[in-house]
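Novice:
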C-alpha cells in the first residue's frame with residue numbers, strides 16, 4: 026500500500042532542489058505540501074529512467090541517504106517511502122564538522138527501484154543526497170608462482186637486478202630500516218605504534234608471519250560474547266567484519282592477507298617474508314567477501330570503524346562504482362590517512378576518474394604500480410594530477426591465508442608498499458599530521474622521467490627519503506624577478522637553491538600568482554596569503570646555482586595590469602624556504618571585447634537559469650546555477666552581444682570553474698558569425714503623402730537564427746583556471762559567443778562559473 030509522504034515545497038514539475046533552501050529542521054517540522062508517493066514517483070519517472078542506465082553495479086532495492094541537520098527522523102523518513110532502516114552509520118563528526126546530518130542505509134519496498142528512490146528522495150527537502158549502494162571489488166589478480174628464493178622475490182624492497190630487474194628499482198627498504206623498522210603494540214619500554222587498518226577481504230590473523238603484528242583491541246575480552254568496550258561490535262579482538270557485522274575479520278579470499286604481509290610481515294623471524302614494517306599493528310577491517318566483492322555500505326562501515334578505533338592509516342586495494350557522495354563523506358569525516366589503489370584498467374584517471382582513489386580529498390593518497398624495471402605496469406591507471414605516486418606492484422610476493430605465500434600483481438600490491446612506508450613515517454614521527462605524511466611520501470620519491478607526466482609526484486616511492494630527518498629548509502631564491510612581460514604572458518627567473526640551504530638539489534617549487542600582493546601569514550586588507558593565491562605549475566628544480574625560469578600565461582586585458590608572484594622552495598620532507606616575491610606589470614592587449622562581470626551592462630543575454638553570484642576574492646561571476654544546482658534536461662545559454670573582431674590572431678580567454686556530471690552534462694563554448702544586415706528598401710510613397718523617415722538598416726538575425734559552431738567543450742570538474750581558445754578563423758568578422766549548458770535527465774551538480782571574459786589579438790593593418 027502506498028502511503029502519503031510529506032515533501033516540503035515539492036511539486037510534480039519541480040527541478041532539483043536549490044542548495045540554499047530553508048533550514049531542514051523547519052521544513053521537516055512543518056511541511057508545506059503533502060503529496061502521495063505515487064505522484065512523486067510519477068513526477069520523477071523520466072529522471073529515474075535516465076538515472077537507471079547510469080548507475081554502476083549496485084545492490085538493487087537499497088539506497089544510502091543523508092538526512093539534513095541531525096533531524097533524528099530516519100525512522101519516519103523511511104516509513105514515508107514504505108522503506109525500513111537497515112543501518113545508521115556512525116561517522117566522527119568532530120573531525121568532519123561540515124558533515125551536518127545523518128547517513129542511513131534503507132531497504133526499499135519491492136515495488137520501488139533504486140533509481141526511482143534516488144530520483145524521488147533527491148526532491149525531498151529533508152534529504153542532502155541519496156546514493157546507490159555500489160558493489161566494490163579488489164584490485165589485483167593472482168599469478169601463482171612458487172619462488173625458489175623467498176628473499177630474492179622481494180624485489181620491491183631491495184632490487185639487486187634479480188630476475189631481469191633493474192638495480193635499485195625499489196623503495197630502498199634496507200636503507201629505511203636503518204632509521205625505523207616500525208612499531209607494534211606498546212611494551213614496557215616503548216609506546217604503541219600506529220594502527221594500520223587493512224580494509225579489504227580480511228586478514229589471516231593466525232598466519233605465522235602476521236600473528237605477531239596483528240592489532241589487539243585493548244578494551245575487548247576474547248570469546249565472552251560481550252561488547253566490552255561499548256563500540257557496538259562484540260568480540261572485535263582483531264578488527265571488524267562489516268559484511269556480517271561481527272568482530273571476526275578472518276580472511277576468506279587471501280587478497281587482504283597478501284596486502285597485510287607487504288605492510289607488516291614480521292621481520293627478522295627467520296621465515297617467509299618481511300614487510301615494510303618489521304613491527305606493526307595491523308587491524309583487519311573486512312567488507313569484501315570470498316569472491317572479492319562487497320557493498321559500498323559495508324565499505325563505509327569499515328572506514329568508520331577504523332577511524333573510531335584509532336586507525337592512523339588505512340590501506341585500500343579496492344575500487345569500483347562511480348562518484349558516490351556517501352563514500353566521499355565517510356572518507357572526509359575520517360581522521361585517518363587513506364592510501365588507495367589507482368586501479369587496473371590502463372586508464373588516465375585525470376580524464377576518467379576511478380573512485381575512490383579519485384576523490385579530491387586531502388587525506389587520500391592514490392597509488393599507481395611499477396614493475397621491477399621502474400616502468401609503469403601495463404595494467405596500471407595513471408593521472409598527472411589525480412594519481413599521487415607509484416610503487417612496486419608487479420610480481421609481489423607476500424602472505425596468503427592458510428599460512429602460505431604467493432605472488433600477486435596489481436595496484437593492490439603497490440598500495441600496501443605506500444601504506445607500510447606511511448606507517449614507518451608515523452612510527453618515526455608520532456605527532457606528524459596527515460598532510461605532512463603525504464608530503465613526505467610524495468616529495469621523497471625517486472623521480473623517473475617515464476613517470477613525469479603519469480603521477481603528480483613524478484616518481485616511485487622511496488622509503489628512505491620519506492623517513493629522512495631534515496630540519497634544514499632550502500635556501501630562498503633572492504634573485505626571483507620578472508624578466509619579461511607581454512600581453513597575456515609573464516616570464517620569471519631565479520637561481521636554483523639547494524635541499525639544505527644551498528647544498529644538494531631541492532625537490533620542488535611552489536609558485537603562486539595573484540592580482541593582490543602575496544604575504545606569508547595573515548593578510549591585511551588588499552593582500553592575499555601564499556596559501557590562498559593561485560598555484561602555477563613549474564618544472565623540477567635544476568642543480569644548485571643553475572638559472573631557472575617559468576613562463577606564465579596571464580589573462581588578457583585592454584588595460585595595463587600589475588600581477589604579484591611569490592615563490593617558495595621545498596625539500597623532500599616538506600620543509601619550505603622563506604617566501605620571495607616579485608611584481609610584474611603586464612601591458613595592455615588590443616581588445617575587441619572585455620568584461621570582468623562585476624558591472625551591470627548589456628554585454629550578455631542570459632537565458633533561463635543563468636545569473637550572477639558573488640564569489641569571495643572575485644566579485645561577481647556568471648553561473649548557470651545561481652542556487653547551487655542546474656536542473657535535469659537543461660538546455661540554456663549565456664550569449665554575448667555582437668563583437669567586431671577587427672583583429673589578427675583573435676583569442677578568447679576566460680576564467681572558469683565547473684562541476685558537471687562527467688560525460689553526460691556538457692558546457693559548450695560556441696561561436697556564430699553575424700552576417701551583415703541587408704539595407705532595408707524604402708517604402709513606396711504615394712505622391713499625396715509627406716515623405717517618411719529615411720530608411721533604416723535591417724536588423725541582424727536573432728541568436729536562434731544564427732549558425733553556432735562549437736570551439737570548446739567542458740565536462741567533469743575543474744577548479745578555477747584560465748582557458749584559452751583560438752578564434753583566428755573569425756578575424757575581421759562580426760561574431761557572437763555563447764556558453765551553452767546541456768544536461769541529461771538525471772544527476773545535477775554545481776554547474777559552470779565564468780569570470781573575466783576577453784577577446785584580444787593583434788591590430789589589423
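Numbering (our numbering), first residue to last: 26 to 790. Here a beta-carbon is modelled for each residue, glycine too, at the ideal position from N, C-alpha and C. Just so we're clear, the structure is a prediction, and the values are computed from it rather than from any experiment.
#1: Alpha carbon to alpha carbon, what distance is there between residue 662 and residue 647?
#2: If you follow the beta strand (DSSP E) that residue 13 is part of, which residue opens it and which one closes it?
#3: Using a Cβ-Cβ cut-off of 7 angstroms (strictly less than) and excluding sequence neighbours within five positions of residue 457, which residues of its own chain qualify?
#4: If we ignore side chains and look at the alpha-carbon of each, how far apart do residue 336 and residue 650 end up?
#5: Exposed or buried, residue 448, counting other C-beta atoms within 10 Å across all chains shown (16 or more means buried)?
#6: As a quick exercise: from 397, 162, 240 and 290, pick the residue whose alpha carbon is nearest that of residue 189.
#7: Nearest-angstrom Cα distance between residue 205 and residue 740?
#8: Can you list, in chain order, the residues of its chain with a C-beta nearer than 6 angstroms to that of residue 227? Leave out the 5 residues immediately preceding and following it.
#9: According to DSSP, simplified to helix, strand and coil, what is residue 300?
#10: Run through the DSSP bridge pairs and tell me what residue 734 is partnered with.
#11: Let me check one thing: in DSSP terms, what residues is residue 93 bridge-paired to?
#12: Nearest to residue 475 by CA position, among 446, 403 and 528, is which residue?
#13: I need the straight-line Cα distance from residue 153 to residue 585, nearest angstrom please.
#14: Between residue 462 and residue 130, what straight-line distance do the alpha-carbon atoms span, to the nearest angstrom?
#15: Quick check on this structure: which residue in 628, 617 and 354 has the alpha carbon closest to the alpha carbon of residue 792?
#16: Evaluate contact between the stretch 206 to 223 and the stretch 406 to 420, counting only Cβ atoms and requiring at least three cross-stretch pairs below 8 angstroms.
#17: How close, in whole Å, do the beta carbons of residue 564 and residue 521 come, if the pair is a contact with beta carbons under 8 angstroms?
#18: What residue does the alpha helix (DSSP H) around residue 270 start on, and which one ends it?
#19: Mapping DSSP to helix, strand and coil, what is residue 39?
#20: Using DSSP with H/G/I as helix, E/B as strand and the rest coil, what is residue 379?
#21: Can you check whether the CB of residue 446 is closer than 9 angstroms to the CB of residue 401?
#22: Rounded to a whole number of angstroms, what is the C-alpha to C-alpha distance between residue 788 and residue 675?
#23: Excluding five sequence neighbours on each side, which residues of the same chain lie with their C-beta closer than 6 angstroms to the C-beta of residue 77?
#24: By the DSSP assignment, the alpha helix (DSSP H) with residue 441 in it spans what residues?
#25: Should residue 93 go down as buried or exposed, given a rule of 16 or more other Cβ atoms within 10 Å for buried?
#26: DSSP beta-bridge partners for residue 795?
#27: Identify every run of the beta strand (DSSP E) within the stretch 479 to 535, keeping only runs that are complete inside it and at least 3 residues long; order them along the chain.
#28: Using alpha carbons as the reference points, say which of 442, 589, 235 and 614 lies closest to residue 511.
#29: Residue 688 by DSSP, collapsed to three states: which one?
#30: Please report the distance separating the alpha-carbon of residue 146 from that of residue 324.
#31: For residue 538 versus residue 594, is the C-beta spacing smaller than 9 angstroms?
#32: Return the Cβ separation of residue 320 and residue 158 in integer angstroms, given the expectation that the two are a contact with Cβ distance under 8 angstroms.
#33: Cα separation between residue 640 and residue 365?
#34: Do you know how far the Cα of residue 653 is from the Cα of residue 608?
#35: From this set, 406, 108 and 242, which residue's C-alpha is nearest residue 255's C-alpha?
#36: Please list, in chain order, all residues of the same chain as residue 482 whose beta carbon is under 7 angstroms from its beta carbon, the five residues on each side excluded.
Specialist: Reading off the structure:
#1: 11 angstroms
#2: Residue 13 cannot be examined here, being either before or after the span of the chain that is shown, 26 to 790.
#3: 450 and 451
#4: 39 angstroms
#5: buried
#6: 397
#7: 46 angstroms
#8: 274, 275, 276, 281, 309 and 311
#9: coil
#10: 696
#11: 126
#12: 403
#13: 46 angstroms
#14: 33 angstroms
#15: As displayed, the chain neither begins before 26 nor continues past 790, which places residue 792 out of reach and without an answer.
#16: no
#17: At roughly 11 angstroms, the Cβ-Cβ gap does not stay under 8 angstroms, so residue 564 and residue 521 are not in contact.
#18: Neither: residue 270 is in no alpha helix (DSSP H) and is coded neither H nor E.
#19: For residue 39, the predicted model reports a pLDDT of 31, less than 50, meaning its position is unreliable and no value from the coordinates is stated.
#20: coil
#21: no
#22: 10 angstroms
#23: 140
#24: 436 to 453
#25: buried
#26: The displayed coordinates of the chain run from 26 to 790. Any statement about residue 795 would go beyond what the structure contains.
#27: 506 to 511 and 514 to 520
#28: 614
#29: coil
#30: 23 angstroms
#31: no
#32: 5 angstroms
#33: 33 angstroms
#34: 36 angstroms
#35: 242
#36: 413, 414, 467 and 470
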